[in-house]
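Sequence lines, in order, name chains P and Y. Residue numbering for the first sequence is 1 to 234, as defined by this note's numbering. Residue numbering for the second sequence is 1 to 234, as defined by this note's numbering.
Number of protein chains: 2
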Amino acid sequence: MPLGKVLIIDEDKNSCNTLKNALEKDGYSVILSHDGDEALIKFNALKPDIILLDVVIPKTDGWQICREVRKKSNIPLIIITSKSETFDKVLGLELGADDYILKPFDIKEVMARIKAVNRRVNQSNIIETREVTYDNLVVNMSRYELRVSGKIKDAPPKELELLFYLASNPNRVYTRDQLLDEVWGFEYYGDSRTVDVHIKRLREKLDGVSEQWSIKTVWGVGYKFEFNEKFGDT
Amino acid sequence: MPLGKVLIIDEDKNSCNTLKNALEKDGYSVILSHDGDEALIKFNALKPDIILLDVVIPKTDGWQICREVRKKSNIPLIIITSKSETFDKVLGLELGADDYILKPFDIKEVMARIKAVNRRVNQSNIIETREVTYDNLVVNMSRYELRVSGKIKDAPPKELELLFYLASNPNRVYTRDQLLDEVWGFEYYGDSRTVDVHIKRLREKLDGVSEQWSIKTVWGVGYKFEFNEKFGDT
DNA sequence: TACAATATTAACGAATTATGTACAAGTTTT
DNA sequence: AAAACTTGTACATAATTCGTTAATATTGTA
């Protein structure tokens with residue numbers, strides 16, 4: 001498999017075939033799925049490299065597929081559908097789709113867009129291991145587990161997600177709005193003081209645990225997970 | 001301004017304004033360009049973080065802009081144009097555009113697509129760290145961190161932004177009004193003595209640190225960040 | 001030199017921003 | 001159905017920044 005596996009999720013067999021032919025001609029291998037439930041099973045079992053998704057499908061709907069996929073993975077996901085409302089486009093993109101193509105599509109355009117998304121993704125260092133480690137801190141999002149000095153510390157989901165997000169890009173500052181967007185999700189409309197409170201609760205749990213890292217406030221800007229690689233490797 | 005600069009290249013002032021307003025509302029700062037030659041100059045000089053490009057523009061055409069940009073940089077580039085042929089779309093994407101949006105556009109969709117592209121780019125290791133370095137001085141705006149001879153020095157946001165702005169164009173003089181415009185934002189209306197005070201506070205922190213650089217007063221004009229590449233590399 | 005224009009500095013208070021506590025609504029567990 | 005927990009909001013308090021003012025110093029020029 002030189003170019004990778006594409007999972008096509010679409011009820012319409014015509015679309016499926018057009019896409020399948022073009023993709024296989026280009027060297028991809030193709031998996032077809034005609035309803036949402038089947039799609040999720042195949043996604044989990046076969047770990048495709050790209051997903052092409054129509055949101056209008058039987059059983060589990062496309063939006064839900066989107067969410068489920070993005071919970072677990074960052075692979076390229078392109079929505080191809082006849083739902084043409086701006087609202088739907090925005091929803092799809094916000095849920096984590098990389099592109100949103102309208103039916104009827106021109107296969108050449110679709111192939112070009114797949115290529116464009118792939119180009120970006122190949123520049124990424126996607127951490128599929130949903131885990132970060134610093135010194136005595138381990139945040140594992142597959143298990144939703146926080147470990148401090150080897151011991152498991154209970155922490156609610158939101159706090160873990162927030163910590164994980166901050167720790168994924170150590171030392172980089174995020175504004176409260178960015179955090180609300182990325183951790184809470186765009187659908188969330190609320191007070192940005194909310195972030196403060198969660199930060200505070202995290203700090204309670206992580207207080208005085210390590211000299212090497214901490215959650216820092218950047219006054220007037222936001223928060224960051226600060227990590228100092230003190231002592232070089234010896 | 002944590003979000004970054006957008007360069008809009010488009011002859012049509014209506015489009016420009018719609019985009020500009022929406023982007024600024026979201027916290028981006030916007031640079032406009034109405035022809036290709038000007039666009040390239042601004043691209044090189046101002047190092048934007050995102051480019052929105054109409055390919056139908058006077059002088060150097062959009063495709064060429066695309067090529068020139070991609071020779072030097074991997075920043076997000078989105079084509080927004082009324083050229084609706086599949087051929088053009090494919091060409092644009094092949095030249096390295098991340099997305100291709102048709103006019104007339106819905107601003108909500110455009111914003112969602114910008115976000116989607118940004119999401120991908122932020123996962124890549126080519127995250128542009130907004131940083132300048134001179135001798136023993138490091139100003140890092142991604143971390144909001146000022147480092148002098150390796151040591152972190154605390155400094156409030158405004159001071160950092162001012163220093164970063166000055167240091168981004170070493171040896172170039174800025175009037176107080178220009179600085180108020182660029183650092184404080186155009187909507188700011190206040191005394192230009194304000195700049196003096198911030199300069200003073202910066203100088204306190206950076207006093208006698210290096211022979212190679214300093215913040216100089218240009219009498220009757222304004223301020224500049226002066227940098228002398230004395231000694232060649234040793 | 002003297003004078004005017006411009007720049008530096010210190011100090012103060014208003015405004016902005018962050019934190020901590022408490023509570024209520026919503027969930028999940030028992 | 002009650003209990004325990006999570007989550008978001010409100011508000012009081014604390015901390016810091018920022019802009020202004022005004023007094024002092026410096027520079028350029030007549």
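The beta-carbon is built from N, C-alpha and C at its ideal position, and this holds for glycine as well.
Closest Cβ-Cβ distance between residue i and chain P: below 9 Å?
{"i": "Y:G96", "result": "yes"}
{"i": "Y:E109", "result": "yes"}
{"i": "Y:P58", "result": "no"}
{"i": "Y:M121", "result": "For clarity, residue 121 of chain Y is Val in the given sequence; the question names Met instead. Answer yes: the Cβ-Cβ gap between Y:V121 and chain P drops below 9 Å somewhere."}
{"i": "Y:T86", "result": "yes"}
{"i": "Y:K83", "result": "no"}
{"i": "Y:Y235", "result": "For chain Y, the structure presents residues 1 to 234; residue 235 of chain Y sits outside this window and is missing."}
{"i": "Y:G27", "result": "yes"}
{"i": "Y:N14", "result": "no"}
{"i": "Y:N21", "result": "no"}
{"i": "Y:V74", "result": "Just to set this straight, residue 74 of chain Y is Asn in the shown sequence, not Val. Chain P, which has a Cβ nearer than 9 Å to the Cβ of Y:N74, makes this yes."}
Would you say residue i lies against chain Y (beta-carbon separation less than 9 Å)?
{"i": "P:D99", "result": "yes"}
{"i": "P:D196", "result": "no"}
{"i": "P:D177", "result": "yes"}
So what's residue i in DSSP terms, helix, strand or just coil?
{"i": "P:T81", "result": "strand"}
{"i": "Y:T234", "result": "With a pLDDT of only 40 at Y:T234, under the threshold of 50, the placement of this residue in the model should not be trusted; the figure read from the coordinates follows. Correct three-state label for Y:T234: coil."}
{"i": "Y:S29", "result": "strand"}
{"i": "P:Y165", "result": "helix"}
{"i": "Y:R113", "result": "helix"}
{"i": "P:S73", "result": "coil"}
{"i": "P:F87", "result": "helix"}
{"i": "Y:L46", "result": "helix"}
{"i": "Y:E226", "result": "strand"}
{"i": "Y:E131", "result": "strand"}
{"i": "Y:D99", "result": "strand"}
{"i": "P:S15", "result": "helix"}
{"i": "P:V195", "result": "helix"}
{"i": "Y:W219", "result": "coil"}
{"i": "Y:I57", "result": "coil"}
{"i": "Y:M1", "result": "Since pLDDT at Y:M1 reaches only 42, below the 50 mark, its modelled position is unreliable, and the value read off the structure follows with that caveat. Correct three-state label for Y:M1: coil."}
{"i": "Y:V183", "result": "helix"}
{"i": "Y:V121", "result": "helix"}
Along chain P, in chain order, which residues have C-beta atoms closer than 9 Å to that of residue i?
{"i": "Y:P157", "result": "V218, W219, G220 and V221"}
{"i": "Y:R143", "result": "N171, R172, V173, V218, K224 and E226"}
{"i": "Y:N118", "result": "In chain order: nothing, as chain P lies at least about 11 Å away."}
Whose Cβ in chain Y lies nearer than 7 Å to the Cβ of residue i?
{"i": "P:A112", "result": "K89, V90, L93 and E94"}
{"i": "P:D106", "result": "T86"}
Under 8 Å between beta-carbons, which chain Y residues line up against residue i? List them in chain order, please.
{"i": "P:K115", "result": "L93 and E94"}
Below 8 Å on the Cβ atoms is my guess for residue i versus residue j; work out the distance and round it to an integer in Å.
{"i": "P:Y223", "j": "P:L166", "result": "7 Å"}
{"i": "P:K83", "j": "P:V117", "result": "So it is not a contact: roughly 20 Å between Cβ atoms."}
{"i": "Y:L40", "j": "Y:I65", "result": "7 Å"}
{"i": "Y:L52", "j": "Y:L19", "result": "6 Å"}
{"i": "P:P58", "j": "P:E109", "result": "Actually they do not touch by this definition, with Cβ atoms about 27 Å apart."}
{"i": "P:V132", "j": "P:S168", "result": "6 Å"}
Could you tell me if the beta carbon of residue i falls within a distance shorter than 8 Å of some heavy atom in the ligand NAD?
{"i": "P:T194", "result": "The ligand NAD is not among the ligands present in this structure, which contains no ligands whatsoever."}
Exercise. Could you give the uninterrupted runs of the beta strand (DSSP E) lying entirely in the segment 134 to 178 of chain P, keeping only those of 3 residues or more?
Worked result: Segments of the beta strand (DSSP E) lying fully in the segment 134 to 178 of chain P: 137 to 140, 145 to 148 and 151 to 153.
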